[in-house]
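Heads up, the thing below is written out as structure tokens.
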Amino acid sequence: MSVMLIVERHLHHEMGHHPGQIKSIAAFSNADDIHVVTWSGLKQFPASALPSNRREHLKVHYVLETSSALKEIADVESLTVSEAQTLARIVSESGATRDDVIVVPTASAHDLRVAITLAKTDGPKIILRIIVLRALYELSEEHRDSVRKFQLDGRIHLSCETEEMQDAARSQYNLACHCDFILPCNILPDDGVSENLRGASFRVGMLGGQRREKGSRRLRSFVRAIRTQSRKMNSPPKVTLVVQTTPKKKPMRTLITLKILLCAKILPGYPNVEMLWGAQSSKDFHSVLCGLDCVLLPYELDRYTTSGSGMIIDAVNAALPVIRTRGMAMAKCLSFGNGIEATSDDEFAKAILDMAANPAPYNAATQQARIAMHARYAKFPFCPSSEFLAPKAA
Numbered sequence: 004m005s006v007m008l009i010v011e012r013h014l015h016h017e018m019g020h021h022p023g024q025i026k027s028i029a030a031f032s033n034a035d036d037i038h039v040v041t042w043s044g045l046k047q048f049p050a051s052a053l054p055s056n057r058r059e060h061l062k063v064h065y066v067l068e069t070s071s072a073l074k075e076i077a078d079v080e081s082l083t084v085s086e087a088q089t090l091a092r093i094v095s096e097s098g099a100t101r102d103d104v105i106v107v108p109t110a111s112a113h114d115l116r117v118a119i120t121l122a123k124t125d126g127p128k129i130i131l132r133i134i135v136l137r138a139l140y141e142l143s144e145e146h147r148d149s150v151r152k153f154q155l156d157g158r159i160h161l162s163c164e165t166e167e168m169q170d171a172a173r174s175q176y177n178l179a180c181h182c183d184f185i186l187p188c189n190i191l192p193d194d195g196v197s198e199n200l201r202g203a204s205f206r207v208g209m210l211g212g213q214r215r216e217k218g219s220r221r222l223r224s225f226v227r228a229i230r231t232q233s234r235k236m237n238s239p240p241k242v243t244l245v246v247q248t249t250p251k252k253k254p255m256r257t258l259i260t261l262k263i264l265l266c267a268k269i270l271p272g273y274p275n276v277e278m279l280w281g282a283q284s285s286k287d288f289h290s291v292l293c294g295l296d297c298v299l300l301p302y303e304l305d306r307y308t309t310s311g312s313g314m315i316i317d318a319v320n321a322a323l324p325v326i327r328t329r330g331m332a333m334a335k336c337l338s339f340g341n342g343i344e345a346t347s348d349d350e351f352a353k354a355i356l357d358m359a360a361n362p363a364p365y366n367a368a369t370q371q372a373r374i375a376m377h378a379r380y381a382k383f384p385f386c387p388s389s390e391f392l393a394p395k396a397a
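Numbering-wise (the working numbering), the sequence shown opens with residue 4 and increments by one.
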């Protein structure tokens with residue numbers, strides 16, 4: 004009997020990337036039993052985090068500290084040893100052996116230190132997916148040496164989801180971090196995709212939580228730039244910006260939300276701004292995404308030069324073109340002619356209007372990108388289930 008342990012501290016609610024990642028791992032794995040190890044304060048495991056046909060094989064362990072709580076703990080070394088011992092106990096109780104795997108889909112520096120301690124025991128191989136380069140930066144050189152040693156022994160495997168992260172880990176920290184673990188977020192390979200059916204208006208989506216690093220503050224500038232350029236066109240296309248925003252207690256995010264609302268109210272006409280208020284369920288998000296004509300990602304490079312974006316993955320899986328900041332990571336996913344790069348407000352506006360005026364060339368490219376993305380799922384560092392690998396025809 005094969006066993007997989009998934010260690011994820013970030014299961015705070017039904018929506019978001021973290022439940023979706025667990026669902027994807029469970030879908031691709033052929034493990035007989037799945038154990039999810041998460042934070043101790045979670046009241047209920049998100050039902051959306053597993054495919055319905057895997058739930059009977061699931062056991063959840065609420066034993067870890069949250070990432071935010073880790074910042075308040077003075078004796079991190081003792082906590083590292085304690086959590087490693089807890090994981091070792093769960094491994095023993097689950098019956099997992101060296102032939103099984105422990106997967107950490109959102110690994111922090113603390114998770115890496117726990118893995119180093121756990122790797123000293125005779126347990127399963129530990130696969131840690133590095134999402135942000137800071138996780139490697141925050142390790143001491145002694146800990147990095149330990150990671151290298153356990154990598155050579157086959158006890159630890161570092162993964163990431165972008166070639167840019169892979170290159171940076173090697174050049175900056177001399178660590179092998181393999182770009183072999185790119186996960187679907189909200190759109191699984193066998194889900195339906197966008198049919199690219201043109202409506203009266205070309206729908207451009209800025210979805211997910213709006214934050215500074217996602218370029219949310221630029222929305223009003225985009226509206227003005229699109230309007231200015233439209234006036235110079237003989238027959239400008241009609242454009243609708245579909246913006247999802249979620250109320251937050253943080254002042255800066257509240258300010259961003261208010262500016263978006265103000266933009267929607269005082270700038271009527273095309274480009275129209277359509278608001279989606281609040282978090283979306285997985286089903287609703289899928290419906291909204293597949294009702295778009297393209298995805299807009301004006302993300303800032305100080306956060307997304309090496310880190311990937313779940314919205315890029317969802318867009319590619321939904322066969323949607325992407326307009327994104329020039330220099331963002333995941334360039335390989337967008338190398339099929341399935342998008343446009345831009346930097347300035349005027350460049351983003353031009354990209355939106357050009358794609359809206361002539362979307363046909365992007366349709367074949369998005370299908371090609373989708374097929375290439377699905378081929379990458381077969382290269383996971385754990386055994387996939389082959390029935391999830393072949394994408395359905397769009």
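Positions of the beta carbon are idealized from the N, C-alpha and C atoms, including for glycine.
- For Val-6, the secondary structure class from DSSP, reduced to helix, strand or coil, is strand.
- With respect to the 9 Å criterion, Arg-116 and Val-66 are not classified as neighbours on the basis of their beta carbons.
- For Val-117, the uninterrupted alpha helix (DSSP H) segment begins and ends at 112-121.
- Here Glu-344 has Arg-329 as same chain residues with Cβ atoms under 6 Å from its own Cβ, once five neighbours each way along the sequence are excluded.
- Judged by pairs of C-beta atoms under 8 Å, the segment 99-113 touches the segment 136-144, as three or more such pairs exist.
- The beta carbon of Ser-233 lies closer than 6 Å to those of Pro-239 in the same chain, with the five residues before and after it left out.
- As the crow flies, the alpha-carbon of Ala-378 is around 24 Å from that of Ser-5.
- A straight-line Cα-Cα distance of about 43 Å links Leu-292 and Ser-149.
- Taking all protein chains shown into account, Leu-155 has fewer than 16 neighbouring C-beta atoms within 10 Å of its C-beta and is therefore exposed.
- When the five nearest sequence neighbours on each side are left out, the beta carbons in the same chain lying within less than 6 Å of the beta carbon of Ala-171 are those of Leu-136, Thr-309, in order along the chain.
- The straight-line gap separating the alpha-carbon atoms of Gln-169 and Asp-183 is approximately 10 Å.
- In this structure, the CA atom of Leu-323 is about 44 Å from the CA atom of Glu-145.
- Ser-162 and Asn-320 have their C-alpha atoms some 21 Å from each other.
- Taking 8 Å as the upper bound for CB-CB distance, Leu-8 and Ile-130 are not in contact here, some 10 Å apart.
- When secondary structure is reduced to three states using DSSP, Cys-297 falls in the strand class.
- Closest option to Gly-218, judged by alpha-carbon separation, among Ala-91, Pro-301, Arg-227: Pro-301.
- DSSP places Gln-24 in the uninterrupted alpha helix (DSSP H) bounded by 20-31.
- The C-beta distance from Gly-313 to Cys-180 rounds to 19 Å, too long to meet the 8 Å contact threshold.
- For the 9 Å CB-CB criterion, Gly-23 and Thr-165 do not form a contact.
- In this structure, Thr-89 is the residue among Gly-98, Ile-28, Thr-89 with its C-alpha nearest to the C-alpha of Ser-43.
- A residue is called buried once 16 or more other Cβ atoms fall within 10 Å of its Cβ, and Arg-12 is buried on that count.
- One alpha carbon belongs to Thr-41, the other to Ala-91, and they sit about 15 Å apart.
- In the DSSP assignment, Asp-36 falls outside any alpha helix (DSSP H) and within the unbroken beta strand (DSSP E) covering 36-42.
- With contacts defined as CB atoms closer than 9 Å, Arg-151 and Lys-128 fail to qualify as a contacting pair.
- In this structure Ala-203 is exposed. Its beta-carbon is surrounded by fewer than 16 other beta-carbon atoms within 10 angstroms.
- With a cutoff of 9 Å on beta-carbon distance, Val-276 and Leu-244 are scored as near each other.
- Excluding its 5 nearest sequence neighbours in each direction, Leu-299 has C-beta neighbours in its own chain below 6 Å: Val-207, Met-209, Ile-326, listed in chain order.
- The three-state reading of DSSP puts Tyr-65 in strand, counting E and B together.
- In the three-state reduction of the DSSP assignment, Leu-191 falls in the coil class, being assigned neither a helical nor a strand state.
- Of the residues Lys-241, Ile-185, Leu-356, Leu-142, the one whose Cα lies closest to the Cα of Ile-25 is Ile-185.
- Arg-214 is positioned such that its CB atom lies no closer than 9 Å to that of Asp-348.
- Here Ala-378 is not bridged, per DSSP, to any residue.
- By DSSP's assignment, Ile-355 forms no beta bridge with any residue.
- Non-local C-beta neighbours of Phe-339 in its own chain, meaning closer than 6 Å and more than five positions away in sequence, comprise Ala-368, Gln-371, Ala-372, ordered along the chain.
- Rounded to whole angstroms, the separation of the alpha carbons of Arg-223 and Ile-159 is 47 Å.
- In the three-state reduction of the DSSP assignment, Lys-286 falls in the helix class.
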